[in-house]
Amino acid sequence: ATFPNSKAFRVALRQVAIREDWSFDTQYSDTKRFRASCTDEDCPWRIHASKLPNTNTFMVKKLPFEHTCGRKNCSKGMANRDWLADKGKAALEENATVSAKQLKERLQREYD
Ligand SMILES: [Zn+2]
């Protein structure tokens, strides 16, 4: 899989984690490379991604194992500001007049 840039990659990974109900620890993350593993110590899942030369494109290099952690309900903490900002932007485009407070309440209702 490829992504337009490192941020798009991180946002996409976080969305998958939230949707599938697991979470990851980031070993390192910068504009050139990204490495993370599942927060469950017994789970072998990990991911390596890096930037292709002369472009911002981010590419998944290694994704060797499926989760074995049973996808416990451990991703609540992953709904961090980046992800909320992304969801918030979509909600704002739907309704440009929504206030910041309404938006926050709505996001909490939908994603808590
Ligand atoms: Zn896992």
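Using full-length UniProt numbering, you'd call the opening residue of the sequence shown number 1 and step up by one each time.
Every residue, glycine too, gets a C-beta built ideally from N, C-alpha and C.
On a predicted model such as this, the values are computed, not experimentally measured, just so you know.
One Cα belongs to Ser50, the other to Gln108, and the distance between them is close to 33 Å. Measuring C-alpha to C-alpha distances from Met59 to each of Lys32, Cys38, Ile18 and Asp21 identifies Lys32 as the nearest.
Here Asp40 is buried: its Cβ has 16 or more other Cβ atoms, across all protein chains shown, within 10 Å. Taking Gly70 as reference, the option from Thr55, Pro64 and Asp42 with the minimal CA-CA separation is Asp42.
With 5 Å as the limit, the residues whose C-beta approaches any heavy atom of ligand 1 more closely are Trp22, Cys38, Asp40, Cys43, Trp45, His67 and Cys69, in sequence along the chain. The beta carbon of His67 sits closer than 7 Å to those of Trp22, Cys38, Cys43 and Trp45, all from its chain and outside the five residues before and after it, given in chain order.
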